[in-house]
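Structure first, commentary second.
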Amino acid sequence: MTTIAFFGATGGCINACLAYTLLNGYHARALVRTPSKLTKLLLSQPGITPEMLSDQLEIISGDATDVDSVKETLVTNTDPNNLKLVTSIISGVGGAAIMSYTRESGCSDFKFRVPALPHIELENPHITEQTTRALLMALEQIATSFPSKDAYHAIAPRVTVISTTGHLPGNKDVGFWFRPMYSVLLPIPHADKLQMERLLDQEAGRGVDGILTGGVVVVRPSFLTGDHLISVHEGEKGSRGVGVEGVRVGTETNPAIGYTISRALVGEWIYEQIVKNGADWVGEKVTITS
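As structure tokens, then:
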């Protein structure tokens, strides 16, 4: 049975992806700190019912920086003689944004803040890095529970993460008029996402000696807008939304350059292209924009 693990499911992109996943009959497991919040958000999605949540979704209460909680989410059968894992991991964990008009001084002897241009800071500026480290550590520990490397590699889950545009030199993957905003407003959250990518690149570079043999996909959406609410065709169960055909897609070597994309549309694109057909994007850093 196909089961997909979700991290950051109370965020707009991942919540939308989870909604499409459930509407199309898949089973899912989601790690969240506040299960009631996730339930409320999902029930606000068109087509999602309490019965669907009961039958198809298992919510694990915990923190994505906690290795044991992550392991609990990934392992679907703990029988040591028949250990089973989720088939895919979708992660979009991010920190709560705070607008700041000051920054830490460069003084090493005293900690104080000085005036600065407006910019976004995070309650935890290393949250994405920390959750990535926890995920990799959890997979490492899980892999050692298998009788051989080959046994683990045979069912190693594919990992898909949401990053951001703005990593290329000069913000060349961002629309021209947004480049100054990215440089001034967003360097702190982008640094956290970039560190996540570096950790995944490093582990993926180990090849068959590593734990990411199921493959890695990095999704870099342009500036996010809107909320978690999906759109569905009238009269349909909700198999897909109405805007994914208009998404422009590129890769790191040939990025799709744009300005914005809605969170719900990112979730829909990940469902359509990764949950259903993810092998096509393994090893890529995919830019998407509307």
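Numbering follows the numbering used here, with no gaps: position 144 of the sequence shown is 229. The C-beta atom is built at its ideal place from N, Cα and C for all residues, glycine as well.
Where threonine 124 is concerned, the enclosing alpha helix (DSSP H) starts and stops at 120 to 128. Counting along the chain, threonine 250 sits inside no alpha helix (DSSP H), nor does DSSP assign it H or E at all.
In chain order, Ser173, Arg243, Thr245, Gly300 and Val302 place their CB closer than 8 Å to the CB of glycine 363, counting only its own chain and leaving out the 5 sequence neighbours on each side. Inter-segment contact for the stretch 215 to 227 and the stretch 157 to 176 is present: three or more beta-carbon pairs are separated by less than 8 Å.
Residue state for valine 178 is assigned as coil, using DSSP reduced to three classes.
Within the DSSP bridge table, the entry for valine 301 names Val244 as partners. In the structure shown, glycine 260 falls within a coil segment according to DSSP collapsed to helix, strand and coil. Going by beta carbons, alanine 90 and arginine 114 fall inside the 8 Å limit. Ranking Asn339, Ser307 and Thr338 by CA distance to the CA of valine 332 puts Ser307 first. When the five nearest sequence neighbours on each side are left out, the beta carbons in the same chain lying within less than 7 Å of the beta carbon of valine 329 are those of Leu350, Glu353, Trp354 and Glu357, in order along the chain. Relative to the Cα of leucine 279, the nearest Cα in the group Ser248, Thr374 and Ile315 belongs to Ser248.
Looking at Val259, His313 and Arg283, the one whose alpha-carbon comes closest to that of threonine 345 is Val259. At least 8 Å separates the beta-carbon of glutamine 130 from that of alanine 94.
If you draw a straight line from the Cα of glycine 147 to the Cα of aspartate 153, it is about 9 Å long.
Non-local C-beta neighbours of glutamate 143 in its own chain, meaning closer than 7 Å and more than five positions away in sequence, comprise Arg114, ordered along the chain.
The three-state reading of DSSP puts serine 316 in coil, since its state is none of H, G, I, E or B.
Secondary structure of arginine 291 (DSSP, three-state): coil.
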